[in-house]
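**Student:** Under the working numbering, read the sequence shown as residues 52 to 132, first letter to last.
Dumping the structure here so I can ask a few things about it.
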Amino acid sequence: MFVNHEYRLLKGLWVRFMDTDFATTRFVGLDFNDPSLDLDAIVRGFGATTVSPVDADEVRTVMAEAKDGQGPTVIFSNRER
Numbered sequence: 052m053f054v055n056h057e058y059r060l061l062k063g064l065w066v067r068f069m070d071t072d073f074a075t076t077r078f079v080g081l082d083f084n085d086p087s088l089d090l091d092a093i094v095r096g097f098g099a100t101t102v103s104p105v106d107a108d109e110v111r112t113v114m115a116e117a118k119d120g121q122g123p124t125v126i127f128s129n130r131e132r
């Protein structure tokens, strides 16, 4: 799961539909910061394991562990806005 703390896809669709741009558009309700969402807690509430690798080597390790593990695993990848 890519985490950028916003509904970036919906923002992009809105900008294209309205023929505007990101710099001049006010997006209401499309950011996860007021209030912030604890995605880790939400995912764990569904019984999944969560991990947040910080580099490519760790991603490979986490993917292998998730494949061999029991139950679902959600891998968070933080992205810059």
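C-beta atoms are modelled at their ideal positions from N, C-alpha and C, and glycine is treated no differently.
Between the region 95-103 and the region 112-125, can you find at least three pairs of beta-carbon atoms closer than 8 angstroms?
**Tutor:** Yes: at least three Cβ pairs fall under 8 angstroms.
**Student:** Please name the residue in 66, 62, 61 and 90 whose C-alpha comes closest to that of residue 128.
**Tutor:** It is 90 whose Cα lies nearest to the Cα of residue 128.
**Student:** DSSP state of residue 75, grouped into three classes?
**Tutor:** Of the three classes helix, strand and coil, the one that applies to residue 75 here is coil, per DSSP.
**Student:** Alpha carbon to alpha carbon, how far is residue 83 from residue 114?
**Tutor:** C-alpha separation (whole angstroms): 26 angstroms.
**Student:** Tell me the residue span of the beta strand (DSSP E) that contains residue 149.
**Tutor:** Only positions 52 to 132 of the chain appear in the structure, and residue 149 is not among them; the question remains open.
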